[in-house]
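Below: one structure, written as structure tokens.
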Amino acid sequence: MRYQSGKWLLTTFLIGALAACAPAAPAAPTAAPAAPTAAPEPTAAPTAAPAEPTATMAPAAPAMSGKIKIATQSPLSGPQAALGTGIRNGADLGLQDMGKMLTDMGFEVELAPFDDQAKPEVGAANAKNIASDPDILCIVGHLNSGVALASLPTYKDNSLAMVSPANTNPKITESGYQNAFRVVGRDDVQGAVGEEFARTEMQIKSVYIIHDKTDYGQGVAEFFRQQAEKNGIQVLGFEGTEEKSNFESILTPIQAANPDLIYFGGIYDQAGPLFRQARDRGITAKFLGPDGLDSPELLKLAGDAVKGMYYTSVAAPVSQFPDAAKFAEDYKAKFNEDAPPFSAQAYDAMGICIRAIAQAAEKAGGKPSREQVVQAIRDAGEYKGITGAYTFNAKGDPVTSTYFVLQVSDKDGEPGEVWNANAVVKKLDIPAP
Amino acid sequence: MAIAADALPAPASRRTLRMTLAGVFGPLGQVFIFVVGSAIVLSVITVLVAFLLRGTRTNVDLVQATLTILPQVIVDGLVRGFLFATIALGYTMVYGVLEFINFAHGEIFMVGAFSGAALGTVFAASGILNALPPLLFVLIAVIVGMVISGTLAVTIERIAYRPLRNAPRLVPLISAIGVSLLLQDGMRLIANVTGLGFNARFPTPNFGPPLQLAQIPAADGRTIPLILDVRALIFIVAATLMLIGLNYLVNATKLGTAIRAVAQDRPTASLMGINVNQIIALTFLIGGALGGAAGVLFGIRVGTVNPYIGFLPGLKAFTAAVLGGIGNIPGAMVGGIVLGFLEAFVASYLSLLTGGAFSGASYADIVAFAILILILIFRPSGLLGEAVAQKV
């Protein structure tokens, strides 16, 4: 009986509390907008809604006027900010140099940089933001394939073109996204290039492979492993880890296995401590890795351990591209540091975006729709950029990409300067598979 | 803190030297027994599994391969375990006194590591780094880390926890999680602004090559060195000293008696003339200083620090504290070391024993924590038992 009455008391109290809340004025307005936002969700493409205003807006603006934004998405903070900031800055310079094409037509242009923090969930959330801004017609990004793959469905639903300056995972263009393009090579080729170099030039008989468990790192490591197994390199181990600082437990089996080579599929922030701790332990195996290692930060974190090591890349140092000399100067003048890898590619990706928007605008006789921009990138034919000439195939890959094998310089000095002295050991032009 | 009414030592004036020694070194013996015990148990299990799976592999003698790296795995596990243990001490101190889990403790550890890295960078920039004897550098860095982290912990207690002391128990917990996030991103900001960088290098004097304890013959006629890094050795010695110091403070000094009294019954302790607020602040100071010291030593060992290094070790150290029996100082050490061993064994052996089907490093946490859940099912109060404050 006491429990009963207790329950009643509680219920009465709750009802009372509710009743007290209900008449309160703010309750009604806050409840009202909740219904409409919930309503579109069951429909097939809720995010398609923001795209419509663009389409309707184009005829509404008869002359070539209005605002056009081009977004960048890359990690601007966090462990991979060194490369991500370079992408933003490269795109910024690109807009500054080539935006004239659009401003001459009467448009206002603007860069909309987004920070994806190298995290897929952040990239996907930003993508929703980007999609809801009708002025954004093209995206330069991302750095990380895993982040790009998380954001691409949103771009696709909104027919937003993404031109990537750095994503190498084959899935970017193999997943049927009509709106995904890249100006760099692919990891299936890069893994094979690395493997061939290790086998023929480094004379490697056995390898221990470590990766970072991301789409990018694990992807390229798998391709390396496939090729290695096919061509008779002994694969002594294949381990994934998210560890960033303390690699002891991974290094113990490596020490026992005594491989000729340690291949690391991942990004420099993990590779640095790993390589240094390996050398500290007296492991003498050579190191090799993909383009994720291409940053002076690797040298800062690993010190002498990586001097003279080889890595493969889809983006050589800016000094390798004769046409990019002016870009390198401008970059240093504007941002007060040497242009990092992928920044020149971001400049070209921006150029591709601008040219496509301009062509689409001409065709549409006004501000183009996002679909028209995607179509323009597909139809435009060869783009002559500062890092090479790009023609996209049906998937969105460049028809031919250049792959590099580089060697870390063994000079002493500031990591940024030493890194720029890295030598290109090999340069291969390989058609996209 | 292991507190039971009958375990309280006699008043200081009447305590004999023997009792003091027993109070200080007794727990150390307990830790030592657990270290040796868990190393033996895990080794036997691993070798047994290798023996049973021997038939499944033709290209490699599993038992031989297992035995070859066994000593190194034990050393790795010990080093890793001492890391968890030193962080766990801070969790357990605070829990013992306040019955409150200070989730920001991992970040206090991280701040300690960053203070050390900043000090190292300043020394390196002024060129005196390599002139310093390594041990002196460690001492200076640890003291700096302890001061900064200890001060930070006390400040956090004053600002974020003390006003909530009488609030429902979940409230300070949420506050702690907030502080944790605040410190992570605050440090991210500071690191970027000061030029240390997100991934900051921790410059140290040269500690010389690692100690080679033995040469172990491998299957193919090579010998594999058994290595203990000098920095890892410093870590272990320092952690052991911390445990002894903490035990001395808590079990053999007047201050320790006050801490235990506050842990047992706050109102009564207050009636006995103990300044409860001061004692709680002191607990945070000690816990924070220990965390800071651990952070510096960890940073010296791994060579790079970033604003997120405290999160995962903090979480694991909390687990270690629960495993050992939260509120129990030797328990925190034991829990940390057992967890360290578990992780090292799984990370190093899983791949070998499953023929590469499972990557040990990826699944170390799953297996280690599954075993942990099993232990807690059978010993819910932790390996050494939870501190039960006897409220009269």
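Quick mapping for you: the protein sequence lines, in order, are chains A and B. Residue 258 in the numbering used here is what sits at position 258 of the first sequence, and the numbering runs on without skipping anything. Residue 1200 in the numbering used here is what sits at position 200 of the second sequence, and the numbering runs on without skipping anything. Each residue gets a CB set at the ideal place from its N, CA and C atoms; glycine is no exception.
{"Asked": "Among A:Leu301, A:Val418, A:Leu102, whose alpha-carbon lies nearest the alpha-carbon of A:Val271?", "Found": "This sequence places Ala at residue 271 of chain A; Val is not what is there. Here the closest residue by C-alpha is A:Leu301."}
{"Asked": "In whole angstroms, give me the CA-to-CA distance for A:Lys230 and A:Tyr208.", "Found": "15 Å"}
{"Asked": "Taking 8 Å as the cut-off, does the region 172-188 of chain A touch the region 347-356 of chain A (at least 3 CB pairs, one atom from each stretch)?", "Found": "yes"}
{"Asked": "Measuring straight from C-alpha to C-alpha, what distance separates B:Val1049 and A:Glu196?", "Found": "38 Å"}
{"Asked": "Return yes when the Cβ of A:Leu111 is within less than 7 Å of the Cβ of A:Asp133, no when it is not.", "Found": "no"}
{"Asked": "Could you check if B:Ala1007 is buried or exposed, using at least 16 other CB atoms within 10 Å of its CB as the buried criterion?", "Found": "With a pLDDT of 47 at B:Ala1007, under the threshold of 50, the modelled position of that residue is not reliable, and the figure given next carries that caveat. The residue in question, B:Ala1007, is exposed, as its Cβ has fewer than 16 Cβ neighbours within 10 Å."}
{"Asked": "Short of 8 Å in beta carbon distance, which residues of its chain neighbour B:Ile1227, apart from the five on each side in sequence? Order them along the chain.", "Found": "Gln1072, Val1075, Pro1210, Leu1211, Gln1212, Leu1213"}
{"Asked": "When the distance is taken between beta carbons, is B:Gly1340 closer than 7 Å to B:Gly1037?", "Found": "no"}
{"Asked": "Just tell me which of A:Gly176, A:Ala71, A:Leu95 has its CA closest to the CA of A:Asn129.", "Found": "A:Ala71"}
{"Asked": "Under 8 Å by Cβ, that's how I've got A:Ile430 and A:Thr400 pegged, so tell me the actual separation to the nearest angstrom.", "Found": "7 Å"}
{"Asked": "Going by DSSP, which residues form a beta bridge with A:Arg182?", "Found": "A:Ser164"}
{"Asked": "Check whether the Cβ of A:Glu248 lies closer than 7 Å to any Cβ atom in chain B.", "Found": "yes"}
{"Asked": "What first and last residue would you give for the alpha helix (DSSP H) that runs through A:Leu293?", "Found": "Note, A:Leu293: premise wrong, no alpha helix (DSSP H); not H, not E."}
{"Asked": "What residues of chain B sit near A:Leu301, judged by a beta carbon separation below 7 Å?", "Found": "Asn1199, Arg1201, Thr1304"}
{"Asked": "With a Cβ-Cβ cutoff of 7 Å, do B:Ala1317 and B:Ala1088 count as a contact?", "Found": "yes"}
{"Asked": "Report yes or no: do three or more beta-carbon pairs, one from the region 72-89 of chain A and one from the region 140-160 of chain A, lie closer than 8 Å?", "Found": "yes"}
{"Asked": "Taking the CB atoms as reference points, tell me whether B:Val1262 and B:Val1250 lie closer together than 7 Å.", "Found": "no"}
{"Asked": "For B:Val1262, which three-state DSSP category applies?", "Found": "helix"}
{"Asked": "Can you pull the chain B neighbours of A:Ser77, defined as C-beta to C-beta under 8 Å?", "Found": "Arg1188, Asn1192, Phe1198"}
{"Asked": "Which chain B residues sit within Cβ distance under 9 Å of A:Arg88?", "Found": "Chain B residues near A:Arg88: none, gap ~15 Å exceeds 9 Å."}
{"Asked": "Pick from A:Ala346, A:Phe247, A:Gly194: whose alpha carbon is nearest that of A:Ser228?", "Found": "Before going further, note that residue 228 of chain A is Ala rather than Ser in the sequence given. It is A:Gly194 whose Cα lies nearest to the Cα of A:Ala228."}
{"Asked": "With C-beta atoms as the reference, is B:Gly1336 less than 7 Å away from B:Leu1384?", "Found": "no"}
{"Asked": "How about A:Asp188 and A:Pro170: do their beta carbons lie closer than 7 Å?", "Found": "yes"}
{"Asked": "If the cut is a Cβ gap below 7 Å, which residues of chain B does A:Asn258 touch?", "Found": "Arg1222"}
{"Asked": "Can you check the region 297-375 of chain A for any alpha helix (DSSP H) of at least 4 residues that lies completely inside it and give the ranges in chain order?", "Found": "325-335, 343-364"}
{"Asked": "Taking 7 Å as the CB-CB cut-off, is B:Ala1368 touching chain A?", "Found": "no"}
{"Asked": "Answer yes or no: does any C-beta atom of chain A fall closer than 7 Å to that of B:Ser1348?", "Found": "yes"}
{"Asked": "Checking contacts by CB at 7 Å: is B:Ile1069 closer than that to chain A?", "Found": "yes"}
{"Asked": "I want to know whether the region 1146-1154 of chain B touches the region 1162-1177 of chain B - three or more CB-CB distances under 8 Å.", "Found": "no"}
{"Asked": "Is the region 1297-1305 of chain B in contact with the region 1107-1121 of chain B, if contact means three or more CB pairs nearer than 8 Å?", "Found": "yes"}
{"Asked": "Taking the straight line between their C-alpha atoms, what separation do you get for B:Gly1355 and A:Ala118?", "Found": "33 Å"}
{"Asked": "What is the residue span of the alpha helix (DSSP H) that A:Ser145 lies within?", "Found": "145-157"}
{"Asked": "Does B:Ser1126 pass the burial test, meaning 16 or more other C-beta atoms within 10 Å, or should it be called exposed?", "Found": "exposed"}
{"Asked": "Is the Cβ-Cβ distance between A:Pro340 and A:Leu95 less than 7 Å?", "Found": "no"}
{"Asked": "When DSSP builds the beta bridges, which residues end up paired with B:Thr1223?", "Found": "B:Pro1217"}
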